[in-house]
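Residue numbers (the numbering used here), protein chains in the order written: chain A, 24 to 436; chain B, 24 to 436.
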């Protein structure tokens, strides 16, 4: 069963607001077994809306719209529905009393303008709105379903979960979907594909997507089948097959983050962490503490941007900076060891590099970064070459540092 | 001139990813004078893509797509372009050497799979990608323009800003557009509107938009007129009128950033800066050093997440923490003074707060934040109440700290 989503509003097509409603409805409908090929955003124009409604109703068996159901003049979705489906608006006394009651509970008299909201296209059913005055509208026509929902996210979400999805499930649908995401780090997309692709055959109804981001490449698997169990089994089979091919690069699944996984490893092993940051200048600390509860294992650290700060705050030997430079194995090791001592933590991570855009040399081009890791028994440092873009270098360096620690704790070579 | 955006990827139509690319491009094209009636997201299917491309090319004079240009098998946008425009793919040696060089700089051999990325539809121009291997593709046909960009946000954004917009502006459009953005901080949107709106009359063809973000509210002025000079004059007139009404909140214009402005003020006054971060845990240092050349005024700082770190690394009196708590005026002052001394800087900024989601009390709810500023002659601390969302609290706190320093240097009350 195909579905389409249409989100309505000038604020969307001018880019003033990022559309989060669309993704919410897509997730809900996908889980309910619908396949979505297209979603559309359309501005506040009756003609454009009518065009979008007609096209979607031609292509899909379910169309869900959000937005434009409020009481004010710029809320014109109902007018576009009336034109598209050629139906009159009918007054619903029960809807009006419900709205009046809602206002009464807040001690406010209902503004007259809200009377509009009790008008529904002839033959439509409505989905009650527990938190607002615009009800959801549902029209069934020639075996297809058209649903208009309010645009306020919490109202829309409540109606989808409490009304729309149960209604759709009460109708017969045909397919079930299961999905999972394997999260990798420390390997580029194309190299990962070289590990995974050879000999890989995707079963009917199974899709694999490579989604690169700063922390690494996510591998998303979606499987469709006739039963939920079958979809789940297909999904798991592919995840297992992929994991065999690139296990050491996979740090987690689904909602896992690298900083969350590393934090959990520290907690599980009763260890603490500090940092010594030069080029990242706080990025690493910020990433580690984006996990709520990070104070249970993160102590703090030094942002040692200037060489004097490295020397005076973390005890880096000035001769190292003189002889090897601040971007060197020796300096990364000294920074990590200095932070571990100063902050009294089990582990310390250090980052020193040339973030760019300036400061590169032939020997040490922009992107050259040394990451150090000090622990009770040893210290290591590893050299990385990131790109030329300052901010992405710093984010990549932070994740590379976390991955170095993950491998140390798990003893992955 | 009408434009349409098409964002591509199963992760969008299944709702696994919220589409932020679409809003970014909508904003950029709207600023460049385009009118957008429809945007579409489409799954990874050549047939669906072709259908979306054809429809958009029929309705609009500019179509911009994102996604599906990577080297792996699920990246099929180029195949859909070939089918839609009936053009062969041509190998571009210069693109391949650029990609090879990028890998070489990172000390990695280019995976063979990346050769695909040097293939472009016949007759297409390309937009270089400074941070990734997928170039932008631009096809001009029958007076219309089709552009395919990579889906990785930072790559897409760089190409749009550095390549696409200048290219579009170099073509003749029927109207001349001038725009400018006044950047404010330290005041909420509705309060700003109360200052600006009374007595303000917008001339014909002039639009003013309030764009709230983490660092403050941007005021975007767009003026359309028959000549560039007239558009520019209308734009300037409104900017001057607005500046009169809220001057002390305006820190810059257009590409100015608060961290850049503060950095320049430090340089101009021959001053240096250090930080002491508790809840922000590096966010402030990272923001300051996102400016290239920040090493000329930024020394470093302490991430003092644990109370022991505040005491031992910055000399905060344990009695302060015992008596007033770590989130207090006294602690913020002691942290700033401690950092200024430890790092030997002219100024030091400190941040200590309850980022959330846990840790709030009745007296100090989540979002309560103290920001301190130490300088040669005095120290001050100010209390803020941000929201309940951890990461946005930390970003807001960093900008509030920078604004405190800007006002100190400029002596704005």
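The beta carbon of each residue, even a glycine, is placed where N, CA and C say it ideally should be. Please read all numbers here as calculations on a predicted model, not as lab measurements.
Requested in this report: Could you tell me the distance, in whole angstroms, from the CA atom of residue 383 of chain B to the CA atom of residue 239 of chain B?
Outcome: When the Cα atoms are used, residue 383 of chain B and residue 239 of chain B turn out to be separated by approximately 25 Å.
Query raised in the report: At least one CB of chain A closer than 9 Å to the CB of residue 153 of chain B: is that the case?
Result: Interface residue, yes.
Requested in this report: On a CA-only basis, which of A:153, A:103 and A:87 is nearest residue 118 of chain A? Give me that one, please.
Outcome: Out of A:153, A:103 and A:87, the CA that lies nearest to the CA of residue 118 of chain A is found in A:153.
Requested in this report: Can you have a look at residue 33 of chain B and say buried or exposed, based on whether 16 or more other CB atoms are within 10 angstroms of its CB?
Outcome: Here residue 33 of chain B is buried, its C-beta having at least 16 other C-beta atoms within 10 Å.
Requested in this report: Look at residue 94 of chain B and residue 216 of chain A and say whether their C-beta atoms are less than 9 Å apart.
Outcome: The answer is yes: Cβ separation under 9 Å.
Query raised in the report: Distance, Cα to Cα, residue 214 of chain A vs residue 204 of chain A?
Result: Rounded to the nearest whole angstrom, the C-alpha separation of residue 214 of chain A and residue 204 of chain A is 18 Å.
Query - Nearest candidate by alpha-carbon position, reference residue 31 of chain A, set A:286, A:261, A:201 and A:89 - result: Among A:286, A:261, A:201 and A:89, the Cα nearest to that of residue 31 of chain A belongs to A:89.
Query raised in the report: Opposite residue 235 of chain A in the DSSP bridges: which residues?
Result: According to DSSP, which records beta bridges pairwise, residue 235 of chain A is partnered with A:240.
Report task. Note the first and the last residue of the continuous alpha helix (DSSP H) segment covering residue 193 of chain A. Result -> From DSSP, the alpha helix (DSSP H) with residue 193 of chain A extends over 188 to 193.
Query raised in the report: In chain B, what lies closer than 7 Å to residue 217 of chain A by C-beta?
Result: For residue 217 of chain A, the neighbours in chain B by C-beta distance under 7 Å run, in chain order, 134 and 136.
Report task. Name, going along the chain, the residues of the region 92 to 108 of chain B whose beta-carbon falls closer than 9 Å to a beta-carbon of chain A. Result -> If you check each beta-carbon in the region 92 to 108 of chain B against every beta-carbon of chain A, the ones closer than 9 Å belong to 93, 94, 95, 96, 97 and 98.
Report task. Could you tell me the distance, in whole angstroms, from the CA atom of residue 399 of chain B to the CA atom of residue 329 of chain B? Result -> Taking the straight line joining both Cα atoms gives about 27 Å.
Query raised in the report: Pick from B:370, B:187, B:367 and B:413: whose alpha carbon is nearest that of residue 389 of chain B?
Result: Closest by C-alpha distance to residue 389 of chain B, out of B:370, B:187, B:367 and B:413, is B:413.
Query raised in the report: Is residue 199 of chain A close to chain B, meaning its C-beta is less than 9 Å from at least one C-beta of that chain?
Result: Among the residues facing chain B, residue 199 of chain A is not included, as its CB has no counterpart in that chain under 9 Å away.
Query raised in the report: Is it true that the CB of residue 46 of chain A sits closer than 9 Å to the CB of residue 39 of chain B?
Result: For residue 39 of chain B and residue 46 of chain A, yes; Cβs fall inside 9 Å.
Query raised in the report: Residue range of the alpha helix (DSSP H) that residue 126 of chain B falls in?
Result: Going by DSSP, residue 126 of chain B is part of the alpha helix (DSSP H) stretching over 116 to 128.
Query raised in the report: Taking the runs of the beta strand (DSSP E) that are 3 residues or longer, which of them lie wholly in the region 299 to 363 of chain A?
Result: Correct list: 321 to 327.
**Report entry** Cβ-Cβ distance between residue 496 of chain A and residue 365 of chain A below 9 Å
**Finding:** Outside the shown range of chain A, which is 24 to 436, sits residue 496 of chain A, and nothing can be said about it.
Query raised in the report: Quick one: what does DSSP say residue 176 of chain A is sitting in, helix, strand or coil?
Result: Helix at residue 176 of chain A.
**Report entry** Beta-carbon proximity check, residue 51 of chain A vs residue 188 of chain A, cutoff 9 Å
**Finding:** Residue 51 of chain A places its beta carbon less than 9 Å from that of residue 188 of chain A.
Query raised in the report: DSSP on residue 40 of chain B, reduced to helix/strand/coil?
Result: DSSP, read as helix, strand or coil, puts residue 40 of chain B in coil.
Query - Below-9 Å beta-carbon distance, residue 255 of chain B vs any chain A residue - result: It does not; no Cβ of chain A falls within 9 Å.
Query raised in the report: CA-CA distance, residue 70 of chain A and residue 98 of chain A?
Result: The C-alpha of residue 98 of chain A is placed about 14 Å away from the C-alpha of residue 70 of chain A.
Query - Extent of the continuous beta strand (DSSP E) to which residue 396 of chain B belongs - result: For residue 396 of chain B, the uninterrupted beta strand (DSSP E) run begins and ends at 391 to 397, by DSSP.
Report task. Starting from residue 161 of chain B, follow its DSSP beta bridges and name the residues at the other end. Result -> DSSP output for residue 161 of chain B lists B:148 and B:170 as bridge partner(s).
Query raised in the report: From what residue to what residue does the beta strand (DSSP E) around residue 136 of chain A run?
Result: Annotation for residue 136 of chain A: no beta strand (DSSP E) segment contains it, and DSSP assigns it neither H nor E.
Query raised in the report: Closer than 9 Å, CB to CB, is residue 51 of chain B near chain A or not?
Result: At a cut-off of 9 Å, the C-beta of residue 51 of chain B has a neighbouring C-beta in chain A.
Query raised in the report: Any beta-carbon of chain A closer than 9 Å to the one on residue 203 of chain B?
Result: Any Cβ of chain A closer than 9 Å to the Cβ of residue 203 of chain B would place that residue at the interface, and such an atom is absent.
Query raised in the report: Closest Cβ-Cβ distance between residue 308 of chain B and chain A: below 9 Å?
Result: At least one chain A Cβ lies under 9 Å of residue 308 of chain B.
Report task. Starting from the Cα of residue 370 of chain A, find the closest Cα among A:352, A:425 and A:246 and give me that residue. Result -> Checked all of A:352, A:425 and A:246; the closest Cα to residue 370 of chain A is A:425.
**Report entry** Distance, residue 309 of chain B Cα to residue 219 of chain A Cα
**Finding:** Straight-line Cα distance between these residues: approximately 36 Å.
Requested in this report: At 3 residues or longer, and completely inside the region 48 to 105 of chain A: list those beta strand (DSSP E) runs for me, N to C.
Outcome: DSSP runs (the beta strand (DSSP E)) wholly in the region 48 to 105 of chain A: 58 to 65 and 85 to 89.
Query raised in the report: Out of curiosity, what's the CA-to-CA distance linking residue 181 of chain A and residue 129 of chain A?
Result: Going by the C-alpha atoms only, they are around 20 Å apart.
Query raised in the report: In terms of alpha-carbon separation, which member of A:267, A:334 and A:416 lies closest to residue 322 of chain B?
Result: Closest by alpha carbon: A:334.
Report task. Name the two residues that bound the continuous alpha helix (DSSP H) containing residue 286 of chain B. Result -> Element bounds for residue 286 of chain B: 281 to 291.
Query raised in the report: Are any of the Cβ atoms in chain B nearer than 9 Å to that of residue 35 of chain A?
Result: Interface residue (Cβ-Cβ distance to chain B less than 9 Å): residue 35 of chain A is classified as such.
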